Amino acid sequence: MAGMRFGITQEPLVGRGRERLRRALAVASLATLLAAPVVAAVPSSPVVDPDSVLRITFLDVGQAEAILIQAPGGRTALVDAGRDDIVPLLRQFGVSEIDLLVATHPHADHIGGMAGVIAAFPVRFYMDNGEPHTTQTYRRLLAALDARPEIAYLEASPRTLTLGEVEIDVLPLLPRGTTGLNDRSVTLLVRFGEFRAFLSGDSEVRQLTHLMGRGAVREVALLKAPHHGADNGFTREFLNAARPRIVVISVGRNSYGHPQSAALRAYEASGATVFRTDWHGHVSVQGRKSGDYDVSFGGEVALRGTGDEPHGAPVAAPRPSGVPGTPGEARFRLRVHADAPGNDHTNPNGEYAVIRNLMPDDRPIGGWLLCDGANHCFRFPAGAVLAAGGQLVVHTGSGRADGTRYYMGRRRAVWNNSGDTATLYDDTGAVVIVFDY
Numbered sequence: 268m269a270g271m272r273f274g275i276t277q278e279p280l281v282g283r284g285r286e287r288l289r290r291a292l293a294v295a296s297l298a299t300l301l302a303a304p305v306v307a308a309v310p311s312s313p314v315v316d317p318d319s320v321l322r323i324t325f326l327d328v329g330q331a332e333a334i335l336i337q338a339p340g341g342r343t344a345l346v347d348a349g350r351d352d353i354v355p356l357l358r359q360f361g362v363s364e365i366d367l368l369v370a371t372h373p374h375a376d377h378i379g380g381m382a383g384v385i386a387a388f389p390v391r392f393y394m395d396n397g398e399p400h401t402t403q404t405y406r407r408l409l410a411a412l413d414a415r416p417e418i419a420y421l422e423a424s425p426r427t428l429t430l431g432e433v434e435i436d437v438l439p440l441l442p443r444g445t446t447g448l449n450d451r452s453v454t455l456l457v458r459f460g461e462f463r464a465f466l467s468g469d470s471e472v473r474q475l476t477h478l479m480g481r482g483a484v485r486e487v488a489l490l491k492a493p494h495h496g497a498d499n500g501f502t503r504e505f506l507n508a509a510r511p512r513i514v515v516i517s518v519g520r521n522s523y524g525h526p527q528s529a530a531l532r533a534y535e536a537s538g539a540t541v542f543r544t545d546w547h548g549h550v551s552v553q554g555r556k557s558g559d560y561d562v563s564f565g566g567e568v569a570l571r572g573t574g575d576e577p578h579g580a581p582v583a584a585p586r587p588s589g590v591p592g593t594p595g596e597a598r599f600r601l602r603v604h605a606d607a608p609g610n611d612h613t614n615p616n617g618e619y620a621v622i623r624n625l626m627p628d629d630r631p632i633g634g635w636l637l638c639d640g641a642n643h644c645f646r647f648p649a650g651a652v653l654a655a656g657g658q659l660v661v662h663t664g665s666g667r668a669d670g671t672r673y674y675m676g677r678r679r680a681v682w683n684n685s686g687d688t689a690t691l692y693d694d695t696g697a698v699v700i701v702f703d704y
């Protein structure tokens, strides 16, 4: 995507509101826009890796999003800031100023902490999709921008920005007024040599299809799962075009069922390794110009990859799970007995899941998770083992675990009698097996 030319008039913005804010846009070179020296109230002390590494960190901010991009040479971008206590967290990651601040769309789980970020740090450029909103959260964001007239405003349109050695392609949006806010999310392709990352906001199927039609989807090492891993945030065609090696889901406790089972199965089928902020905390992906990368959380490297390895496998059409061919079915069998005798809610131990090990070796399962479709989960304790050829039972209610029987500790039933999805995850967050009934 060729860099276009435009410029910025940095006249005072106080009190003008959104329309005057937009008129702060005029002409300058995109290729050097973010490479120019930063005029800031405090000295810069960002995290810089001596071997020229791009670091993209998905911050654990619950059911919200905040993605910190730290380029070689000290340039910094923040994509979304969905929690109001994010400022101390950014300081922990060495942030003292922000070159580019992006609000993908004006939902509170993406801009909830942005006013605080603007008040706390020098910010050079602010970008959004140009869509106004009626919430108090959005009004606080506008007031924060009005109070900082030195911040230049960019409305998202197809162009390439430069963050030191890193190029950021702003991908084409759907026309204004033709869709909801999620499908007008600002989407970014971050490029550092051969390493590429796709940051998707809350894009849903319509936006992803639009990007496919515009030829904007390329093979990437890293995909930020659209819409917190929702079923409406992927298509088979999109995953076959992007073919990610890593998928990171920004998610926390929620009532939406995020991430949803169809999306998890699709990411697994694509050959990608899935990481989740609700399980892994802050997830940091370090990319190099060669295309090599590593993924870390909790201070430890969990995955390494090279730029010359093949990208993920093509995603086949969805098939019913719980039958041969489902990921993990050759190694494990998972079944759910959902209909407890009597009243399910007064007899939670009458419903249970059964997991069988079909392999000839014992399998350590400490830290594994068993979840229903609404994200009610049970974590197996450290030291838990599923014996070769053996099985274990997980009851919904309370009891004393003995190594073959475990208890979720719930007072009421969780498995839906009319149909549900059981998913078993290993201790890295990868899907082991899914059973739909």
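Take the sequence shown: its position 143, counted from the start at 1, is 410 in our numbering, and no numbers get skipped. All C-beta atoms in this analysis are idealised placements derived from N, C-alpha and C, irrespective of residue type, glycine included. Every value quoted in this text rests on a predicted model; they were computed, and no experiment measured them.
The alpha helix (DSSP H) enclosing residue i, as first and last residue numbers
i      : result
VAL346 : Run containing VAL346: none in the alpha helix (DSSP H); it sits in the beta strand (DSSP E), 343-346.
TYR405 : 403-413
VAL484 : VAL484 -> no alpha helix (DSSP H), and no H or E assigned at all.
ASP376 : 375-378
TYR534 : 528-536
GLU504 : 503-509
ALA382 : 381-387
ASP395 : Segment 390-395 is the beta strand (DSSP E) holding ASP395; no alpha helix (DSSP H) there.
GLY480 : 472-480
THR427 : It is not in any alpha helix (DSSP H) - THR427 instead sits in the beta strand (DSSP E) that spans 426-430.
Residues near residue i by beta carbon distance below 6 Å, same chain, minus five either side
i      : result
CYS644 : LEU636 and CYS638
ARG646 : LEU636
GLY397 : GLU422
VAL328 : GLY349 and ARG350
THR371 : ASP347, HIS377, SER452, VAL453 and GLY468
ARG623 : ARG600 and GLN658
HIS477 : LEU441
ALA269 : Residue placement at ALA269 cannot be trusted, given a pLDDT of 38 that sits under 50; the coordinates are not used to answer.
PRO591 : Confidence at PRO591 is low in this model, with a pLDDT of 34, below 50, so its placement is unreliable and no value can be given for it.
PHE392 : LEU367, ALA419 and LEU421
Whether residue i touches residue j by CB criterion (9 Å)
i      : j      : result
GLU471 : GLY500 : yes
GLN330 : VAL518 : yes
LEU428 : LEU367 : yes
GLY349 : PHE542 : no
ASN521 : HIS495 : yes
GLY380 : ASP413 : no
ILE632 : ASP693 : yes
GLU432 : SER363 : no
ILE516 : ALA492 : yes
ILE724 : THR324 : The structure shown does not extend to residue 724, since the chain is modelled only from 268 to 704, so the question has no answer here.
GLU434 : ARG473 : no
GLY566 : HIS547 : no
PRO355 : LEU408 : no
Extent of the continuous beta strand (DSSP E) run through residue i
i      : result
PHE459 : 455-459
ASP366 : 365-369
GLN359 : Note, GLN359: premise wrong, no beta strand (DSSP E); alpha helix (DSSP H) at 353-359.
LEU421 : 419-422
LEU448 : Unbroken run through LEU448: none, as it is neither H nor E.
HIS662 : 658-662
ASP561 : 560-564
ASP703 : 698-703
8 Å contact criterion, which residue i and residue j should meet: CB distance rounded
i      : j      : result
VAL621 : GLN658 : 6 Å
PRO425 : LEU441 : Actually they do not touch by this definition, with Cβ atoms about 12 Å apart.
ASP629 : ALA655 : 5 Å
MET512 : ALA539 : The question names Met, yet the displayed sequence has Arg at residue 512. Contact holds; Cβ gap of about 6 Å.
ARG415 : ILE385 : 6 Å
ASN616 : GLY666 : 7 Å
GLN337 : ARG358 : No, GLN337 and ARG358 are not in contact; Cβ-Cβ is about 13 Å, not under 8 Å.
MET675 : VAL661 : 6 Å
Contacts around residue i, its chain only, beta-carbon distance under 7 Å, and the 5 residues preceding and following it disregarded
i      : result
ALA308 : With a pLDDT of only 28 at ALA308, under the threshold of 50, the placement of this residue in the model should not be trusted; the figure read from the coordinates follows. The residues are PRO389.
MET626 : ARG598 and ALA655
GLU504 : MET479
THR690 : SER528, LEU531, CYS638, VAL698 and VAL701
PRO317 : Bear in mind that the predicted position of PRO317 carries a pLDDT of just 45, short of 50, making it unreliable; the figure below should be weighed with that in mind. Around PRO317: no qualifying Cβ.
ASP561 : GLN553, VAL568, LEU570 and ARG571
TYR619 : HIS604, VAL660, VAL661, HIS662 and THR663
ASP450 : LEU441, SER470, GLU471, ARG473 and GLN474
Same chain, Cβ closer than 8 Å to residue i, five either side skipped, listed in chain order
i      : result
MET217 : This structure does not reach residue 217, given that the chain is present from 268 up to 704, and the question cannot be answered.
ALA410 : ALA382
LEU345 : ALA333, ILE334, LEU335, ILE336, LEU357, VAL362, ILE365, LEU367, LEU368, VAL369 and VAL384
THR401 : none
GLY686 : ASP703 and TYR704
ASP575 : GLY558
Three-pair Cβ contact test at 8 Å for the stretch 458-470 versus the stretch 544-556: yes
contact_flag[the stretch 675-686, the stretch 517-537] where n(CB pairs < 8 Å) is 3 or more: no
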